[in-house]
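Peer 1: Sharing a structure below in structure tokens format, with a few things to ask.
Number of protein chains: 2
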Amino acid sequence: MRPAAEVPADALVLGVDSGGSGLRAALGPPEGMRAPAPVRSAEPVRTGERGIDAEHFIAQLLPMARELLARVGGGRITAVAIGAAGLATLGDDLRAQLPSALEEALGVRRVALAADAVTAYAGAVGDRPGAVVAAGTGLIAIGTDLTAWRRADGWGHLLGDCGGGAWIGRAGLEAVMRAHDGRDGGSKALLVRAEDLFGPVTGLPGQLYPRTDRPAVLASFAPHVAACAADDPVAEGILRDAARHIAQAAAAVCPAGDTCEVALTGGLFKLGEPLTGPLREELTERLPRAVQVTAAGDPLDGALRIAADIGADRLRLPRDPRMLTVHGEADS
Amino acid sequence: MRPAAEVPADALVLGVDSGGSGLRAALGPPEGMRAPAPVRSAEPVRTGERGIDAEHFIAQLLPMARELLARVGGGRITAVAIGAAGLATLGDDLRAQLPSALEEALGVRRVALAADAVTAYAGAVGDRPGAVVAAGTGLIAIGTDLTAWRRADGWGHLLGDCGGGAWIGRAGLEAVMRAHDGRDGGSKALLVRAEDLFGPVTGLPGQLYPRTDRPAVLASFAPHVAACAADDPVAEGILRDAARHIAQAAAAVCPAGDTCEVALTGGLFKLGEPLTGPLREELTERLPRAVQVTAAGDPLDGALRIAADIGADRLRLPRDPRMLTVHGEADS
Numbered sequence: 001m002r003p004a005a006e007v008p009a010d011a012l013v014l015g016v017d018s019g020g021s022g023l024r025a026a027l028g029p030p031e032g033m034r035a036p037a038p039v040r041s042a043e044p045v046r047t048g049e050r051g052i053d054a055e056h057f058i059a060q061l062l063p064m065a066r067e068l069l070a071r072v073g074g075g076r077i078t079a080v081a082i083g084a085a086g087l088a089t090l091g092d093d094l095r096a097q098l099p100s101a102l103e104e105a106l107g108v109r110r111v112a113l114a115a116d117a118v119t120a121y122a123g124a125v126g127d128r129p130g131a132v133v134a135a136g137t138g139l140i141a142i143g144t145d146l147t148a149w150r151r152a153d154g155w156g157h158l159l160g161d162c163g164g165g166a167w168i169g170r171a172g173l174e175a176v177m178r179a180h181d182g183r184d185g186g187s188k189a190l191l192v193r194a195e196d197l198f199g200p201v202t203g204l205p206g207q208l209y210p211r212t213d214r215p216a217v218l219a220s221f222a223p224h225v226a227a228c229a230a231d232d233p234v235a236e237g238i239l240r241d242a243a244r245h246i247a248q249a250a251a252a253v254c255p256a257g258d259t260c261e262v263a264l265t266g267g268l269f270k271l272g273e274p275l276t277g278p279l280r281e282e283l284t285e286r287l288p289r290a291v292q293v294t295a296a297g298d299p300l301d302g303a304l305r306i307a308a309d310i311g312a313d314r315l316r317l318p319r320d321p322r323m324l325t326v327h328g329e330a331d332s
Numbered sequence: 001m002r003p004a005a006e007v008p009a010d011a012l013v014l015g016v017d018s019g020g021s022g023l024r025a026a027l028g029p030p031e032g033m034r035a036p037a038p039v040r041s042a043e044p045v046r047t048g049e050r051g052i053d054a055e056h057f058i059a060q061l062l063p064m065a066r067e068l069l070a071r072v073g074g075g076r077i078t079a080v081a082i083g084a085a086g087l088a089t090l091g092d093d094l095r096a097q098l099p100s101a102l103e104e105a106l107g108v109r110r111v112a113l114a115a116d117a118v119t120a121y122a123g124a125v126g127d128r129p130g131a132v133v134a135a136g137t138g139l140i141a142i143g144t145d146l147t148a149w150r151r152a153d154g155w156g157h158l159l160g161d162c163g164g165g166a167w168i169g170r171a172g173l174e175a176v177m178r179a180h181d182g183r184d185g186g187s188k189a190l191l192v193r194a195e196d197l198f199g200p201v202t203g204l205p206g207q208l209y210p211r212t213d214r215p216a217v218l219a220s221f222a223p224h225v226a227a228c229a230a231d232d233p234v235a236e237g238i239l240r241d242a243a244r245h246i247a248q249a250a251a252a253v254c255p256a257g258d259t260c261e262v263a264l265t266g267g268l269f270k271l272g273e274p275l276t277g278p279l280r281e282e283l284t285e286r287l288p289r290a291v292q293v294t295a296a297g298d299p300l301d302g303a304l305r306i307a308a309d310i311g312a313d314r315l316r317l318p319r320d321p322r323m324l325t326v327h328g329e330a331d332s
């Protein structure tokens with residue numbers, strides 16, 4: 001290990017989380033604790049022909065960084081870490097433009113660009129080997145032995161995201177239509193809930209298919225599946241299947257070893273015991289060496305942690321051309 | 001039964017099939033045999049705020065009808081039957097405008113408007129009680145005891161269409177991504193096929209999600225699932241599940257009785273033995289009173305048959321405000 005770099009007294013680090021609902025950013029001291037109030041931007045960063053638009057990203061981020069600095073009475077940002085949804089496949093423009101743009105505007109040389117799954121990992125597990133399942137509307141699992149990353153699922157609502165919010169909601173609505181038709185596999189309890197929410201279910205196709213946010217519409221039904229699980233075997237079976245898919249994704253990314261820390265993070269797990277109960281059982285069966293740990297923090301915490309670690313030359317998470325790049329390191 | 005109406009010597013009937021790829025129309029004698037060459041329109045009928053656009057429909061249909069009449073050296077159209085996709089939910093404008101427009105333009109008073117599932121039924125089974133599964137990219141089952149219609153599925157690729165082309169292709173592509181990730185349930189054989197077709201599968205989300213014809217893209221992979229089924233247990237399992245869903249839909253619409261004729265119609269069944277083999281077994285198990293019959297004809301044949309039947313006052317299929325309306329009947 002190289003010795004830790006000297007850290008100036010007024011040094012600060014900047015963490016950024018970029019996703020479908022816009023940017024969040026927070027300042028922290030290099031020890032990695034988050035300053036109390038993160039700031040948010042109103043609009044998601046545009047995606048164009050060259051992927052995520054670096055110019056639009058910078059135009060939103062700089063005023064946020066200046067506001068954060070003003071709130072703490074000034075200081076100097078020594079490192080920035082950005083976690084962005086879609087970075088692996090849509091991050092070329094960010095990787096090409098952001099480091100020099102941030103150096104020019106803020107004088108910061110060390111910049112990390114991470115897939116949002118990587119900042120989720122850093123926030124949940126830190127820099128130990130392990131696995132994280134990050135799930136909301138979608139679902140992705142990511143794991144590392146600190147040498148390389150492994151990823152499973154995260155392929156979207158038609159190709160996968162098995163066990164995520166859209167997956168559970170879609171399965172619930174299929175059971176609704178089965179009950180309406182008198183086909184096997186239907187759930188009367190879910191049919192009653194769907195009628196309360198959407199009106200006569202023959203109108204559901206007309207309400208769903210014209211929308212551009214179909215996965216979110218599907219996911220909005222997931223809490224109703226969870227609410228019915230205690231008394232309805234079809235709803236219970238959907239959550240059991242979801243739990244199995246989640247355990248399969250975790251098993252695919254767990255590093256070798258006698259045990260493997262597994263953290264669950266994201267809004268999906270707010271469904272609570274109807275999902276997390278069967279998930280504990282499925283993990284015990286399919287990945288007996290898993291040790292379930294509570295996620296320490298969220299993706300913005302993870303970005304701050306990575307920023308602090310690159311600022312102090314102590315990042316242990318593995319670099320990867322699409323998942324995690326570090327720019328302007330002391331020895332680069 | 002009322003006596004059959006007298007049919008003039010030069011009488012002809014017009015059958016029309018309207019779907020996602022445009023209009024097809026054919027003339028026939030009132031006995032119901034199709035004249036050899038149907039004509040097609042280039043573009044699908046527009047759907048607007050009032051549903052399927054009657055004016056656009058008429059503007060396409062009239063030149064087709066005149067061309068057909070010219071080909072047979074003239075004659076008089078005494079009845080028209082139109083089968084249209086979406087008629088049940090989007091057919092108000094057609095029901096309001098088409099009968100008077102056709103009377104004005106062609107002098108025809110008897111007009112039937114049918115859901116495409118009804119013309120599929122009439123083409124496949126005729127006017128006997130029974131059940132039809134019509135499947136291509138999507139899947140719908142329809143059955144009747146000649147008193148009322150029963151319908152199952154046909155809810156689209158997110159809410160159902162279980163066992164149809166998009167369903168099978170989607171399940172196949174999920175197995176592709178599972179194999180890529182190293183998750184349970186993956187198929188190496190399907191992964192190899194998908195890489196041949198689409199390149200590296202990490203690019204699949206980018207190729208699929210921006211499309212507006214996602215169900216068709218998914219369905220395009222279904223023949224590859226069928227091609228792998230003989231040697232690949234995952235592909236075989238997908239087709240077995242599809243067969244079970246199809247049998248469940250058929251069982252939900254079969255009329256009561258000692259036996260029930262079940263016909264399968266549509267492009268899906270071109271997948272052949274890898275699907276129809278397990279389907280025979282699933283029907284035997286789930287619907288032992290089913291008698292599988294070969295579909296006599298397609299939906300355009302069914303439209304011609306309904307046109308001939310309303311022209312001769314002998315239609316036995318049940319009327320239904322959304323599935324099958326007949327306008328200008330002798331006693332109406």
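Chains as they are written, first to last, in UniProt numbering: chain A, 1 to 332; chain B, 1 to 332.
All residues carry an ideal CB built from backbone N, CA and C; glycine is no exception.
Please list the residues of the stretch 178-199 of chain A that have a C-beta atom closer than 8 Å to any C-beta atom in chain B, keeping them in chain order.
Peer 2: Answer in chain order: R178, D181, G182, R183, D184 and G185.
Peer 1: Quick one: grab the DSSP three-state call for A/H327.
Peer 2: Strand.
Peer 1: Given that a residue counts as buried once 16 or more other Cβ atoms are within 10 Å of its Cβ, and exposed if not, what is A/E282?
Peer 2: Buried, since its Cβ has 16 or more Cβ neighbours within 10 Å.
Peer 1: For the alpha helix (DSSP H) holding A/W167, just list the boundary residues, first then last.
Peer 2: Its alpha helix (DSSP H) spans residues G165 to D181.
Peer 1: Considering only residues of the same chain and omitting the five flanking positions on each side of B/R150, which have a CB-CB separation below 6 Å?
Peer 2: If we look at B/R150 and ignore the five residues flanking it on each side, its Cβ neighbours are G143 and V253.
Peer 1: Looking at C-alpha atoms only, which residue of A/L158, A/H56 and A/T119 is the closest neighbour of A/A141?
Peer 2: Closest option to A/A141, Cα to Cα, is A/T119.
Peer 1: Taking the DSSP output, what are the residues bridged to B/G51?
Peer 2: Paired residues: B/G48.
Peer 1: How about A/W167: is its C-beta nearer than 8 Å to some C-beta of chain B?
Peer 2: Not one chain B Cβ lies under 8 Å of A/W167.
Peer 1: Mind checking which residues open and close the beta strand (DSSP E) that includes A/T228?
Peer 2: The sequence given here places Cys at residue 228 of chain A; Thr does not occur at that position. Taken as a continuous stretch (DSSP letters only), A/C228 belongs to no beta strand (DSSP E), being part of the alpha helix (DSSP H) at A222 to C228.
Peer 1: For A/H245, I'd like the list of residues in its chain whose CB is within less than 7 Å of its CB, leaving aside the five on either flank, ordered along the chain.
Peer 2: Result list for A/H245: C162 and G163, in chain order.
Peer 1: Does any residue of chain B bring its CB to less than 8 Å from the CB of A/A171?
Peer 2: No, because no Cβ of chain B sits closer than 8 Å to the Cβ of A/A171.
Peer 1: For chain B, is any of its Cβ atoms less than 8 Å away from the one on A/P205?
Peer 2: Chain B contact via Cβ: present.
Peer 1: So with CB distances below 9 Å, who are the chain A contacts of B/L317?
Peer 2: Residues of chain A passing the Cβ test: none, with the nearest at roughly 20 Å.
Peer 1: What does A/G160 touch in chain B if you count any residue whose Cβ is under 7 Å from its own?
Peer 2: Correct list: E174 and M177.
Peer 1: Compile a chain-ordered list of the residues in the stretch 208-220 of chain B whose CB is closer than 8 Å to at least one CB of chain A.
Peer 2: Listed by position along the chain: L208, Y209, R214 and L218.
Peer 1: For the alpha helix (DSSP H) containing A/S18, name the first residue and the last one.
Peer 2: No alpha helix (DSSP H) holds A/S18; the beta strand (DSSP E) holding it covers A11 to G19.
Peer 1: Run the CB neighbour count on A/L139, radius 10 Å, all protein chains shown included, and call it buried at 16 or more, exposed below.
Peer 2: Per the 10 Å Cβ criterion, buried.
Peer 1: Can you list the residues of chain B that A/T265 reaches, using a CB-CB cut of under 8 Å?
Peer 2: Within chain B, no residue comes near A/T265; the closest Cβ sits about 19 Å away, beyond 8 Å.
Peer 1: B/G138 versus chain A: which residues are under 8 Å apart at the beta carbon?
Peer 2: Ordered by position in chain A, no residue passes the 8 Å Cβ test against B/G138, which lies about 11 Å from the chain.
Peer 1: For a minimum of 3 consecutive residues, which ranges assigned as the beta strand (DSSP E) are wholly contained in the stretch 267-328 of chain A?
Peer 2: DSSP runs (the beta strand (DSSP E)) wholly in the stretch 267-328 of chain A: 290-294 and 324-327.
Peer 1: Determine whether the beta carbon atoms of A/G75 and A/L12 lie at a separation below 8 Å.
Peer 2: A contact, by the Cβ cut-off of 8 Å.
Peer 1: Expressed to the nearest angstrom, what Euclidean distance is found between the alpha-carbon atoms of A/H224 and A/P99?
Peer 2: Going by the C-alpha atoms only, they are around 45 Å apart.
Peer 1: To the nearest angstrom, how far is the alpha carbon of A/T133 from that of A/V80?
Peer 2: Per the sequence shown, the amino acid found at residue 133 of chain A is Val instead of Thr. Those two C-alpha atoms are separated by around 25 Å.
Peer 1: Report, in whole angstroms, the separation of the C-beta atoms of A/Q97 and B/R183, which I expect to be a contact under 8 Å.
Peer 2: A/Q97 to B/R183, Cβ: 35 Å. No contact.
Peer 1: What first and last residue would you give for the beta strand (DSSP E) that runs through B/G237?
Peer 2: No beta strand (DSSP E) holds B/G237; the alpha helix (DSSP H) holding it covers P233 to V253.
Peer 1: What's the C-alpha gap between B/P3 and B/G123?
Peer 2: Only weak support is given to the placement of B/P3: the predicted model assigns it a pLDDT of 46, under 50, and the value that follows is read from those uncertain coordinates. Roughly 24 Å between the two C-alpha positions.
Peer 1: From A/I238, A/A216, A/R211 and A/A226, pick the residue whose C-alpha is nearest to that of A/G186; which is it?
Peer 2: Checking every option, the nearest Cα to that of A/G186 belongs to A/I238.
Peer 1: Pull up the DSSP beta-bridge partners for A/W149, would you.
Peer 2: Answer is A/T144.
Peer 1: Let me check one thing: in DSSP terms, what residues is A/A112 bridge-paired to?
Peer 2: Paired residue(s): A/A81 and A/V326.
Peer 1: DSSP beta-bridge partners for B/V201?
Peer 2: Partner(s): none; B/V201 has no beta bridge.
Peer 1: Below 8 Å on the Cβ atoms is my guess for A/V262 versus A/A131; work out the distance and round it to an integer in Å.
Peer 2: Yes, they are in contact, since the Cβ atoms of A/V262 and A/A131 sit about 5 Å apart, within 8 Å.
Peer 1: Provide the residue span of the alpha helix (DSSP H) that contains A/A216, from first to last.
Peer 2: From DSSP, the alpha helix (DSSP H) with A/A216 extends over R214 to A219.
Peer 1: Cutting at 7 Å between CB atoms, please list the residues of its own chain near A/L106, excluding the five before and the five after it.
Peer 2: Excluding residues within five positions, the ones whose Cβ falls inside 7 Å are A65 and I77.
Peer 1: Should B/R71 go down as buried or exposed, given a rule of 16 or more other Cβ atoms within 10 Å for buried?
Peer 2: By the 10 Å Cβ count, B/R71 comes out exposed.
Peer 1: Find the nearest neighbour of A/A59 within the set A/L27, A/G22, A/G86 and A/F269, judged by alpha-carbon distance.
Peer 2: Checking every option, the nearest Cα to that of A/A59 belongs to A/G22.
Peer 1: Confirm, please, whether the CB-CB distance from A/G15 to A/A26 is below 8 Å.
Peer 2: Contact: yes.
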